[in-house]
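Let me begin by presenting the structure, written as structure tokens, before commenting on it.
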């Protein structure tokens, strides 16, 4: 992509630097937590590596930093995309060619067996990591289904206080609060 | 158009839920015992490393650009006169297998002459490039 793009909706090099530096320390830490969530199962890469990679891509101009979007949101979206790319590139063995992508009616669907298998494996790993805490596993399953708030709580069948406690434990689990911070 | 599988969408949904929880989490809990100074120092070190690496990547990209665009010297050639362009085309027609009657060249609009001139020069550049 580079920096010669005439795109008024994207930050310049200097603006990217300023935007990253002007984040609050708490948002910087939140970005590290998201990096940990996305990165700790990646092959040969830590969350910190993932975060630094997206910083690098923004500064090299290879990745667009949109204007008027909070830096934390931009970082989260970029890390999700970069993690997906790393996962695909780092896969040790090819996906079974016999694997069938679920049938869909949309003719424009461009899903690949590889992307689908990787996502399924990732979900399985997520649930396995929560298997020691049944309430947390219920919360994560509700999130997997896209449920939020009261709908999520109802789907788990947990009482309000138990659900709130499990929700907080789930966040801490997924965002690596229980793991030692990976070196920087 | 749907570009994501059900599993990919579900993964995104977990990420979004976790992200929202983190945004709502009180600052003290997010920092979990660390001081803001420590976190900022880490972010600044990350930015410094990323700046260095981004510079290295841009340099590599710039070098590869320099190696390629002999054909882009068209910008320099743009100043060629119509007379020179016609003369060049006539010589190429004579020297090679291109088929174009002299009369056609005479009657060709100026813009077409210059366009053909650029195409022929680009072909010549490509054929004389050491990488070919």
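Chains as they are written, first to last, in our numbering: chain A, 6 to 189; chain B, 122 to 253.
Cβ coordinates follow ideal geometry from the N, Cα and C atoms, glycine included.
Within chain B, the residues placing a beta-carbon under 7 Å from that of residue 131(A) are 135, ordered along the chain.
Per DSSP, the beta bridge partners of residue 15(A) are 71(A). Per the C-alpha coordinates, the member of 43(A), 181(A) and 130(A) positioned closest to residue 85(A) is 43(A).
The beta carbons of residue 144(A) and residue 171(A) sit closer together than 8 Å. Against chain A, the beta carbon of residue 184(B) has no neighbour under 8 Å; the closest one sits roughly 14 Å away.
The beta carbon of residue 93(A) does not come within 8 Å of any beta carbon belonging to chain B, so the residue lies off that interface. Judged by their CB atoms, residue 41(A) and residue 180(A) are nearer to each other than the 8 Å cut-off. Residue nearest to residue 212(B) within the set 231(B), 245(B), 128(B) and 183(B) is 245(B) (criterion: CA-CA distance). Here the region 143 to 161 of chain B lies against the region 26 to 42 of chain A, with 3 or more beta-carbon pairs under 8 Å apart.
If you draw a straight line from the Cα of residue 154(B) to the Cα of residue 11(A), it comes to about 44 Å. Think of a sphere of 9 Å around the beta carbon of residue 160(B): the chain A residues whose beta carbon falls inside it are 30, 31, 33, 34 and 37, in chain order. DSSP, reduced to helix, strand and coil, places residue 138(A) outside both helices and strands of the structure shown, so it counts as coil. The region 176 to 191 of chain B makes no contact with the region 135 to 149 of chain B, as fewer than three CB pairs between them are under 8 Å. A straight line joining the alpha-carbon of residue 169(A) with that of residue 8(A) spans about 46 Å. In the three-state reduction of the DSSP assignment, residue 160(A) falls in the helix class, which pools H, G and I. Using a CB distance cut-off of 8 Å, residue 187(B) does not count as an interface residue toward chain A. The beta-carbon of residue 70(A) is placed no less than 8 Å from the nearest beta-carbon of chain B. Chain B places a beta carbon closer than 8 Å to that of residue 172(A), counting this residue as a contact.
The alpha-carbon separation between residue 169(B) and residue 13(A) amounts to approximately 26 Å.
Against chain B, the CB of residue 124(A) has a partner CB under 8 Å away; the residue lies at that interface. Contacts with chain B at 8 Å (Cβ-Cβ) include residue 145(A).
The contact set of residue 168(A) on chain B, defined by CB atoms closer than 9 Å, is empty, because the minimum CB distance reaches about 13 Å. Here the alpha carbon of residue 164(B) sits roughly 17 Å from the alpha carbon of residue 18(A).
Here residue 130(A) is exposed. Its C-beta has fewer than 16 other C-beta atoms within 10 Å. In the three-state DSSP reduction, residue 125(B) falls in the coil class, being neither helix nor strand. Interface with chain B (8 Å Cβ-Cβ cutoff): residue 11(A) is excluded. Contact between residue 70(A) and residue 16(A) holds, with the beta-carbon distance rounding to 4 Å and staying under 8 Å. Rounded to whole angstroms, the gap between the alpha carbons of residue 136(A) and residue 142(A) is 6 Å. Identification of chain B residues near residue 64(A) by a Cβ-Cβ cut-off of 7 Å yields 171, 172 and 175, ordered along the chain.
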